[in-house]
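Beneath this line is the structure, given in structure tokens, with notes to follow.
In UniProt numbering, the protein residues as written are 1 to 155.
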């Protein structure tokens, strides 16, 4: 498994397909994905600040997953934020999620943040089990526009 920086032009179709599938896994539909151009522009802008936070995961040169990470302000403190952990269906449930988490935690430590957050659909049982095993804890249950749980881990 290799991690490669996303090129929003070259990887456009892949990152859109992966993000849409993440909506299907989390919410049962890609309906909430929104406009593809807006998504790609948002990633391009984020890549300027966090180029090593937007990664495709590849095996033998083929994309199998994606990570989107950034640093945000939360209650006056900089924290890490995971926008996306994604693996294609044939790579799920094989323990690879831990490698994505390890990459993310190393990224956050390099930026000097002491904790990170992510949101997960409460119906995404495999993701919830992984997050609980690695030490994320529930901060809040939200419903805007979908039911999600805000989780946090101290580093």
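Note that CB positions come from ideal geometry on N, CA and C, so glycine has one too.
Between residue 147 and residue 121 the beta-carbon gap is near 7 Å, inside 8 Å, which marks them as a contact. In this structure, the CA atom of residue 4 is about 32 Å from the CA atom of residue 145. Contact check for residue 22 against residue 86 passes: the beta carbons are separated by less than 8 Å. Rounded to whole angstroms, the gap between the alpha carbons of residue 149 and residue 133 is 16 Å.
By the C-beta criterion, the region 57-74 is judged not to be in contact with the region 33-42, since fewer than 3 inter-stretch pairs fall below 8 Å. Under the three-state reduction of DSSP, residue 108 is assigned to helix. The three-state reading of DSSP puts residue 146 in coil, since its state is none of H, G, I, E or B. Residue 108 and residue 77 have their C-alpha atoms roughly 13 Å apart. As summarised for the UniProt domain "N-acetyltransferase" (1-155), the continuous beta strand (DSSP E) elements at least 3 residues long and confined to that stretch are 2-5, 54-59, 62-74, 77-87, 115-120, 137-143 and 147-154, given in chain order. Taking 8 Å as the cut-off, the beta carbon of residue 93 is found no closer than this to the beta carbon of residue 69.
Straight-line spacing of the CA atoms in residue 18 and residue 75 works out to 31 Å. Of 12, 71, 113 and 118, the smallest CA-CA separation from residue 142 is found for 118. Taking the Cα of residue 45 as reference, the smallest distance to any Cα among 28, 111, 131 and 9 is reached at 9.
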